[in-house]
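Protein chains in written order, with the working numbering: chain A, 661 to 1368; chain B, 236 to 572.
We treat Cβ as the ideally placed atom computed from N, Cα and C, and that holds for glycine.
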Ligand SMILES: Cc1cc2nc3c(=O)[nH]c(=O)nc-3n(C[C@H](O)[C@H](O)[C@H](O)COP(=O)(O)OP(=O)(O)OC[C@H]3O[C@@H](n4cnc5c(N)ncnc54)[C@H](O)[C@@H]3O)c2cc1C
Ligand code: SF4
């Protein structure tokens, strides 16, 4: 990974690490804006109906209160402006439990929170559609054309005649992103312009959505979001809280801060929807797949549709002549689902890779062998060549490193005292794309000391984006790392792609690299000289006596990128220990082997991967947002009820990267690692639980009661 | 948060005097439960009496009285300090284990022993003021959100149609098994002693009342009698994640043996009722019997035979049986693996 004399590919620590651990990195609501007032949202206590009356009198009279805003006095906003999930206080209509119905602005946070409790609301309730188990029977074809039935061959016929087959339904519950930093915003108006300090995964997206919704021009909106305390998709699209902060600030003619509470997070910023996935596999007795059907049923919001692509992995993972991928969706009175780490792939791979394990068991075949037997040489969904594919290496190297040969082929054969031990494997994949991004690079020279500033409106979710871009620039300019400053997260900077869909590293690093190359080219041209050995920009600044130089590029993905099918791939290996009496499961060892192109920084990359793995273990064992099927409220509103894994749930974690040089994917050969780390994890754990106990759990999470 | 008055006191009598006759005043100890509930508008005290300066944090051996040879644990001592105290580790390891099975290191550093007993249920309907709850709003709209709602975490013993909540404390389960008593003081009258068995109550028609503590009473200490369980005891907590989760079921088990014969047994269950549940039937069945797996199973069956599960928590009956057997086995052999 590391080239000679290069800092790219080396495990440097985050350049913003010290700032963060000393509390000096300013997150959205840390900005020292003067004369600030505080807003607190209040929410509906029914899931469907209309507000009949709303009495804000007592709240308005409460000490410190500056304004109470509801649908009755909110300014007219453009509900089609790109804010997700509605709840913009434009009508008395209620579409889900906990929809924002107003906000209080006060001198202090405590005063606002207190006054919000004083608002009295009466509703005309209608019957809420909140019971997925019942409503899933009404699910119909999505409007989204991408979710139309995708057929190759005749899977149903092949299934009927199959010698060996698996047909099973896999259930995954609603999950919440729950980043450590809840969504938070400061809005400050200066005349017609508004600055929004806001935690955003897509800086320019937030700018455009805020502007369109507020009926102003994008140039009147500035988003400042240099640091983000996690997002996992929930800060990709923007939600009502962003715009309502601006509305509140306008109303009181002062800067306003609005931060969601943890309890408010469950119905303010999207969720990962509940899915029923029916997977059917047919195979010959020597393990060649003959049919694969992946049929997903899920829910979306009443007005808007979002369906995560659970069938995506099934489209491309295995060579199979007959394939069927379908989606059915039913609108429900719940907040709009949204992108959630590894959308569709994390949940879809649980179904597919569990089914593959079930098939291997039926065939009495090693699950790794079954996968190797069905390895496709081209993308089966479109016939394109892979830019590269590392599934085989991931499986083989992983098996060696993990000690797969110690796995007992039959379940429930490895007992140690009160515990059953099991091994599981599962594969995963996530698409690799580069998206258009601009970048500006500025060099300054004082004597022989040269510093560089790299600027773009990219987002660093806490994953190390600042660091990898500094590394990229250092190498491309011929400067040491500590001479590089990276400025991100400000819509005044050159526009960039969002940190979503695992496109961040490739889009940003290629843009920064291109800008540095362009800057060097320009300095060479400016010198008017011919060089035998290409000098670095740093050398040119000195030799040509340049004091300052700046350039900018608008980088685009390679023209031939869509001739290839480009993805990251992984193989996940889990060892679990299950308490025979109590059913408590612990993942004692976990290994993820990943092929994700060029790894810019093995240290931050490892953190990304094991972070994804940990969430995947949470998906497998602990995480579930539970809706009361009578009223549509979440009963899991705090970290006491919504169980993200604790330290003790996580055993030894290991991440291995496959070396690869995939220039067909993009110029630098950088693929994404943000999401692939969660894909396949839940299946690896569930498969290990089967190997340990002989119990196949098809409904996540695998809590102790399911293993009794 | 609602506005409230904040009063600091430095001795027991000013503490008890400060709350006398004020039904809406509350003592503030570690605040790890009370402040959370205030932020959620579940608890709405008009006045907080900060008792953290009272010198009630000591842990000391008892040299006289009925519990001579036992131990006194100050109400305002921190959970962490109780769990780590050498006398408790040595003589009451069951209690140390139970405390350490609860919450997290940070919370135990703040949480007090008295506050732990008085922490309120974690029923999610109780915590969400948008939901009906008889415990939170006894005079308001009647209804128990959990009775026909999501009640996987709820009671299988002793619940009423009014309330199916469980008491969340781990510490209290061990204390129940160890026959603890709670010492309380009030503005009027002498010191009162309440056995732990009678300290928490079943919901019946008054789910808003968690305990038999009278209004205005201050817990000063918890006392444990001397016992011979130190060698053979175990606290088993089954939960949805390995730490930092409330119990699905917990079992505090202690045995006093004569050879392979059980002389005395103590079993208390957590996560099953509105109070720590002493498994008296199981205990009685074991006394005088051989400590065999078959007898442990029989005891567990007998105890769980009375369970009345709700829609989502039937698993607790089987889990309870298995957990009782496992806890007794580990108590007996010391072998956890
Ligand atoms: C996230 C989280 C997880 C937790 N997990 C667990 C767990 O797994 N197991 C477990 O057992 N506990 C758990 N807890 C609960 C924790 O143990 C309690 O919050 C703590 O013990 C309460 O003690 P405190 O001193 O902070 O009480 P406070 O919050 O100060 O007080 C609680 C109540 O007791 C009253 N009070 C306090 N002291 C006295 C006194 N001396 N006399 C009379 N009244 C008094 C107060 O007025 C108040 O009503 C958890 C808590 C949290 C926040
Ligand atoms: S179980 Fe008790 S605490 Fe829970 S909702 Fe019912 S009355 Fe309230």
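1) What residues from chain B crowd round residue 1286 of chain A, counting only those whose CB sits closer than 9 Å?
2) Taking any Cβ of chain A, which residues in the region 258-273 of chain B have a Cβ under 8 Å from it, in chain order?
3) Run the proximity test for residue 369 of chain B: is its beta-carbon closer than 7 Å to any non-hydrogen atom belonging to ligand 2?
4) Under the rule that 16 or more other beta-carbon atoms within 10 Å means buried, what is residue 745 of chain A, buried or exposed?
5) Please confirm whether any heavy atom of ligand 1 lies closer than 7 Å to the CB of residue 350 of chain B.
6) Which residues of chain A have a Cβ atom closer than 7 Å to the Cβ of residue 473 of chain B, listed in chain order?
7) Mapping DSSP to helix, strand and coil, what is residue 1127 of chain A?
8) Can you tell me whether residue 556 of chain B is helix, strand or coil according to DSSP?
9) Quick check: is the beta carbon of residue 1279 of chain A nearer than 8 Å to any beta carbon in chain B?
10) When DSSP builds the beta bridges, which residues end up paired with residue 811 of chain A?
11) Taking all protein chains shown into account, do 16 or more other C-beta atoms lie within 10 angstroms of the C-beta of residue 1137 of chain A, making it buried, or fewer, making it exposed?
12) At a Cβ threshold of 8 Å, is residue 752 of chain A touching chain B?
13) Can you find a heavy atom of ligand 2 that lies under 7 Å from the Cβ of residue 1062 of chain A?
14) Are the C-beta of residue 833 of chain A and some C-beta of chain B separated by less than 8 Å?
15) How long is the line joining the alpha carbons of residue 827 of chain A and residue 814 of chain A, rounded to whole angstroms?
16) Residues bridged to residue 960 of chain A by DSSP?
17) Report the rounded CA-to-CA distance for residue 802 of chain A versus residue 1002 of chain A, giving the unit in angstroms.
18) Am I right that residue 1089 of chain A and residue 1250 of chain A are in contact with their C-beta atoms under 8 Å? What's the rounded C-beta distance?
19) At 7 Å on the CB atoms, spell out the chain A contacts of residue 508 of chain B, in chain order.
20) Locate the alpha helix (DSSP H) running through residue 1347 of chain A, then write down its first and last residues.
21) Taking C-beta pairs closer than 7 Å, name the residues in chain B that residue 1306 of chain A reaches, listed in chain order.
22) Helix, strand or coil for residue 1299 of chain A? Go by DSSP, reduced to three states.
23) Who are the near neighbours of residue 934 of chain A in its chain, counting only those whose CB is closer than 6 Å to its CB and skipping five residues on each side?
24) Quick check on the burial criterion: 16 or more other C-beta atoms within 10 angstroms. Buried or exposed for residue 681 of chain A?
25) Which residues of chain B have a Cβ atom closer than 9 Å to the Cβ of residue 1297 of chain A, listed in chain order?
26) In the DSSP output, what is residue 1313 of chain A paired with across the bridge?
27) For residue 1303 of chain A, which of A:1286, A:1204, A:1313 has the nearest alpha-carbon?
28) Quick one: residues in its chain with C-beta nearer than 8 Å to the C-beta of residue 664 of chain A, no 5 flanking neighbours on either side, listed in chain order?
29) So, is the C-beta of residue 276 of chain B closer than 8 Å to a C-beta in chain A?
30) Excluding the 5 residues preceding and the 5 following residue 804 of chain A in the sequence, name in chain order all residues of the same chain whose CB lies nearer than 7 Å to its CB.
31) How would you write the range of the beta strand (DSSP E) that residue 500 of chain B sits in, first residue to last?
32) Specify, as a first and last residue, the run of the beta strand (DSSP E) that residue 1083 of chain A falls within.
33) How far does the beta strand (DSSP E) with residue 937 of chain A in it reach, from first residue to last?
34) Under three-state DSSP, which class holds residue 661 of chain A?
35) Classify residue 1365 of chain A as buried or exposed, calling it buried when 16 or more other Cβ atoms lie within 10 Å of its own Cβ.
36) Can you tell me whether residue 403 of chain B sits near ligand 1, meaning its C-beta is under 7 Å from at least one heavy atom of the ligand?
Reading it off the structure:
1) Locating residue 1286 of chain A in the first chain gives position 626, counting from the first residue. The contacting residues are 359, 385, 387.
2) Of all residues in the region 258-273 of chain B, none has a Cβ within less than 8 Å of some Cβ in chain A.
3) The residue you call residue 369 of chain B lines up with position 134 of the second chain. For residue 369 of chain B, the distance from the CB to the nearest heavy atom of ligand 2 is below 7 Å.
4) Indexing the first chain from 1 puts residue 745 of chain A at position 85. Burial call: buried.
5) Taking the first residue of the second chain as position 1, residue 350 of chain B is located at position 115. Yes, the beta carbon of residue 350 of chain B sits closer than 7 Å to at least one heavy atom of ligand 1.
6) Position 238 of the second chain, counting from 1, holds the residue named residue 473 of chain B. Here the neighbours are 1242, 1244, 1364.
7) Here residue 1127 of chain A is taken as the residue at index 467 of the first chain, counted from 1. Residue 1127 of chain A: helix per DSSP, three-state reduction.
8) Start at 1 with the first residue of the second chain, and residue 556 of chain B comes out as number 321. If DSSP states are grouped into helix, strand and coil, residue 556 of chain B belongs with the helices.
9) Sequence index remark: in the first chain, residue 1279 of chain A carries index 619 (1-based). Residue 1279 of chain A does not count as touching chain B.
10) Counted from its first residue, the first chain places residue 811 of chain A at position 151. Paired residues: A:984.
11) By one-based count along the first chain, residue 1137 of chain A stands at place 477. Buried, because 16 or more other Cβ atoms sit within 10 Å of the Cβ of residue 1137 of chain A.
12) The sequence position of residue 752 of chain A within the first chain is 92, counting from 1. Look at residue 752 of chain A: its C-beta is not under 8 Å from any C-beta on chain B.
13) Within the first chain, numbered from 1, the residue matching residue 1062 of chain A stands at position 402. Closer than 7 Å to some heavy atom of ligand 2: that does not describe the Cβ of residue 1062 of chain A.
14) Walking along the first chain from the start, residue 833 of chain A turns up at place 173. No - not a single Cβ of chain B is within 8 Å of the one on residue 833 of chain A.
15) Against the first chain, residue 827 of chain A aligns to sequence position 167. Against the first chain, residue 814 of chain A aligns to sequence position 154. Going from the Cα of residue 827 of chain A to the Cα of residue 814 of chain A covers about 16 Å.
16) Here the question's residue 960 of chain A lines up with position 300 in the first chain. Partner(s): A:991.
17) Here residue 802 of chain A refers to the residue found at position 142 when the first chain is read from its first residue. Here residue 1002 of chain A refers to the residue found at position 342 when the first chain is read from its first residue. A straight line joining the alpha-carbon of residue 802 of chain A with that of residue 1002 of chain A spans about 20 Å.
18) Here residue 1089 of chain A refers to the residue found at position 429 when the first chain is read from its first residue. Here residue 1250 of chain A refers to the residue found at position 590 when the first chain is read from its first residue. Distance from residue 1089 of chain A to residue 1250 of chain A at the Cβ level is roughly 18 Å; contact not present, criterion being Cβ atoms closer than 8 Å.
19) As a first step, residue 508 of chain B is located in the second chain; it is residue number 273 there, counting from the start. Those do not exist, as residue 508 of chain B stays about 18 Å from chain A at its closest Cβ, beyond 7 Å.
20) By 1-based counting over the first chain, the position of residue 1347 of chain A is 687. Start and end: 1341-1353.
21) Position 646 of the first chain, counting from 1, holds the residue named residue 1306 of chain A. Near residue 1306 of chain A (Cβ distances below 7 Å), the residues of chain B are 476, 477, 478, 479.
22) As a first step, residue 1299 of chain A must be located in the first chain, where it is residue number 639. When secondary structure is reduced to three states using DSSP, residue 1299 of chain A falls in the coil class, being assigned neither helix nor strand.
23) For the purposes of this step, residue 934 of chain A is taken as residue 274 along the first chain, with counting starting at 1. Taking residue 934 of chain A as the centre and dropping the five residues before and after it, the same chain places the C-beta of 792, 833, 834 closer than 6 Å to its C-beta, in chain order.
24) As a first step, residue 681 of chain A is located in the first chain; it is residue number 21 there, counting from the start. With fewer than 16 other Cβ atoms within 10 Å, it is exposed.
25) Your numbering for residue 1297 of chain A matches position 637 in the first chain. In chain order: 359, 362, 363.
26) Taking the first residue of the first chain as position 1, residue 1313 of chain A is located at position 653. Paired residue(s): A:1250.
27) The residue you call residue 1303 of chain A lines up with position 643 of the first chain. Nearest option by C-alpha distance: A:1286.
28) Taking the first residue of the first chain as position 1, residue 664 of chain A is located at position 4. So the list is empty, once near-sequence residues are dropped.
29) Taking the second chain and counting its residues from 1, the one referred to as residue 276 of chain B is at position 41. At least one chain A Cβ lies under 8 Å of residue 276 of chain B.
30) What you label residue 804 of chain A is simply residue 144 of the first chain in a count that begins at 1. Correct list, in chain order: 965, 967.
31) Translated into positions along the second chain, residue 500 of chain B becomes position 265. That run of the beta strand (DSSP E) goes 496-505.
32) As a working mapping, residue 1083 of chain A is identified with position 423 in the first chain. In the DSSP annotation of this structure, the continuous segment of the beta strand (DSSP E) that includes residue 1083 of chain A starts and ends at 1079-1091.
33) Numbered from its first residue, the first chain carries residue 937 of chain A at position 277. First-last of the beta strand (DSSP E) with residue 937 of chain A: 935-943.
34) Residue mapping note: residue 661 of chain A aligns to position 1 of the first chain, counting from 1. A caution first: residue 661 of chain A carries a pLDDT of 45, below 50, which makes its placement in the model too unreliable to give a value.
35) Numbered from its first residue, the first chain carries residue 1365 of chain A at position 705. Per the 10 Å Cβ criterion, buried.
36) Translated into positions along the second chain, residue 403 of chain B becomes position 168. Within the cutoff, so yes.
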